[in-house]
Amino acid sequence: MNGVTRRTSLGVRGATAAAIVSVALFLSACGEKGKYVAAVTRPVVQGVEVVVVRPVPRETTAESVGTVRAKTTAAVAPQVMGRLTGVAVSEGSAVAKGALLATIDDTAVSAQLSSAEGAVAEAEAAREEADRAISQAEAGKALAEKTFERFRKLLEGKVVTQQEFDEVEMRRTVAGKDLERAQQKKAQVNARIAQAKGQADAAKAMLAWTRVVAPFAGVIVEKRADAGGMAVPGVPLFLLEDPRRHRIEASVSETYLPRLKKGSPVQVILDADPGKPFSAKVTEIVPVIDPASRTFTVKADLPAGRARSGQSGKVRFAAGTGTVLAVPKRAITRAGGADGVFTVGGEDNVARLSVVTLGAEFDDRVEVLSGIGDGARVALSPIDKLSDGARVEIRR
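In my numbering, each number is its position in the sequence shown, counted from 1, plus 8.
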């Protein structure tokens, strides 16, 4: 019985092994058949035009990040201290030159003006009195001079005594002194008038300063105070800018300081509209190098209506001649949201899709920053018929 069982078990095991070998042979045959089928069905694209990528000379460019600012701005600050009685504008308000922006309490300044004007009137009255005194002194002096001349002749004729002549001469001297004192008093009164008028003019100026006005036509971009607040001289209440003229200010590496000059052409690319770059010229260069960033500031005026204050952008400019890897624009294809080119192997003529990083465009070419190297064979056409792994027949 045990012998029968052992033989039966060995028979089953043999059958199982035979079945496994049969399945393995079948799968192996299927695999070989699949490889054969894949090799046979791989597509062949005929008449493919290729180009060998080589470094080409090109005027290289550099870019620097910048910020758009209004060319004309003003921090409008009061010139007198006082409480704000009113604010006439808000952020975004367009104002004309001289337009009222805010008012400051003028009670104290008005009192100063009234006092100064009163002092002027008082001094004017004193000058009229001084003028009358001078007239009287001049008349007295004239009379004393005539009397002196008469008595001098009488003294020569022994008609009057020496004492009588001396008394007349003394009156003549006193009359002259009286005239000098009257003239000095008038000079003092004139000085008082000038001082009073100066105080009145200062008070008028301070009264005008209680009205904060726009120094030029523009737009209020920032309001920093409200009615009831305190106005302090030199502390801005508003930020005003001219919306008609803007410029971009970029921080450029110190390496390019010798290359950029006033009038140098640049290209401006705004981040809000990168597809529409436009040309500009350098209008100002700040040659001082920032020791922290090792950059200097370049300013370029922008065409009217092309930008708003605070926008970010880039300034692109020529940075010298160099060599770059570049391919014709028609070799570029889009795959999975990325840029790519089809490279063709030199031995098997199989197209492979290579993802590339592109740089700047020039003429009919585009710079390739990474993804392929010098000497790569890149397919130009027919791009729409190529696929990764496709066999190609190169046009001769």
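Beta carbons: idealized from backbone N, C-alpha and C, even for Gly. As the structure is a prediction and not an experimental result, all values here were calculated from the model.
Query                                                                                                          : Result
Beta bridge counterpart(s) of S98 as assigned by DSSP                                                          : In the DSSP output, where bridge partners are listed per residue, S98 has none listed.
Whole alpha helix (DSSP H) elements within the region 126-150, 4-residue minimum                               : none
Where the beta strand (DSSP E) through V323 begins and ends                                                    : S320 to P336
Counted within 10 angstroms of its Cβ, other Cβ atoms place G206 as buried (16 or more) or exposed             : exposed
Cβ shell of V64 (< 7 Å), same chain only, five flanking positions each side left out                           : T331, V332 and A334
Nearest-angstrom Cα separation, counted from E401 out to G55                                                   : 6 Å
Local Cβ density within 10 Å of V197, reported as buried at 16 or more and exposed below that                  : buried
The region 341-359 touching the region 300-315, judged by at least three CB pairs closer than 8 Å              : no
Exposure label - D114; buried when at least 16 CB within 10 Å                                                  : buried
Per-residue DSSP class, three states only, for I391                                                            : helix
E355, DSSP secondary structure in three states                                                                 : coil
Exposure label - A315; buried when at least 16 CB within 10 Å                                                  : buried
A346 vs V323 beta-carbon contact at 7 Å                                                                        : no
Local conformation of V176 per DSSP, three classes                                                             : helix
Delimiting residues of the beta strand (DSSP E) encompassing K409                                              : What the structure shows of the chain is the stretch from 9 to 404, and residue 409 is not part of that stretch, so it cannot be assessed.
Residue environment, S122, which counts as buried when at least 16 other CB atoms sit within 10 Å              : exposed
C-alpha gap between G313 and A78, whole angstroms                                                              : 12 Å
Burial state of S72 (16 or more Cβ within 10 Å)                                                                : buried
From V168, A202 and D279, residue whose alpha carbon lies closest to that of A124                              : A202
Exposure label - A27; buried when at least 16 CB within 10 Å                                                   : Because the pLDDT of A27 is 33, which lies under 50, any placement of that residue in the model is unreliable, and the number read from its coordinates should be weighed accordingly. Exposed, because fewer than 16 other Cβ atoms sit within 10 Å of the Cβ of A27.
Inter-stretch contact (C-beta, 8 Å, three-pair minimum) for the region 86-96 and the region 232-240            : yes
Member of E188, I277 and A258 whose CA lies at the smallest distance from the CA of D298                       : A258
Reference P266, options I293, G106, V103 and P244, closest by Cα                                               : I293
D298 - partner residues in DSSP beta bridges                                                                   : T303
Proximity to R403 [Cα-Cα], best of V53, V52, P51 and E57                                                       : E57
Three-state class that DSSP yields for S362 in the structure shown                                             : strand
Cβ-based burial, G321 [other Cβ within 10 Å; buried from 16]                                                   : buried
Start and end residues, beta strand (DSSP E) containing G379                                                   : Premise fails: G379 is in no beta strand (DSSP E) and is neither H nor E.
Own chain, CB closer than 8 Å to Q170, minus 5 neighbours either side, in chain order                          : L163
According to DSSP, residues forming a beta bridge with G226                                                    : V103
Spatial neighbours of A32 in its chain, beta-carbon cut-off 8 Å, leaving aside the 5 residues before and after : Low local confidence applies: a pLDDT of 36 at A32 is under 50, so the model's placement there is unreliable, with the coordinate-based value given in what follows. Result list for A32: empty, nothing under 8 Å.
Nearest-angstrom Cβ-Cβ length linking G318 and V76, presumed shorter than 8 Å                                  : 7 Å
Boundaries (first-last residue) of the beta strand (DSSP E) holding A110                                       : L108 to I112
For G242, three-class secondary structure by DSSP                                                              : coil
Rounded straight-line distance, which links the Cα of V349 to that of F370                                     : 18 Å
Rounded distance between the beta-carbons of V374 and I340, thought under 8 Å                                  : 7 Å
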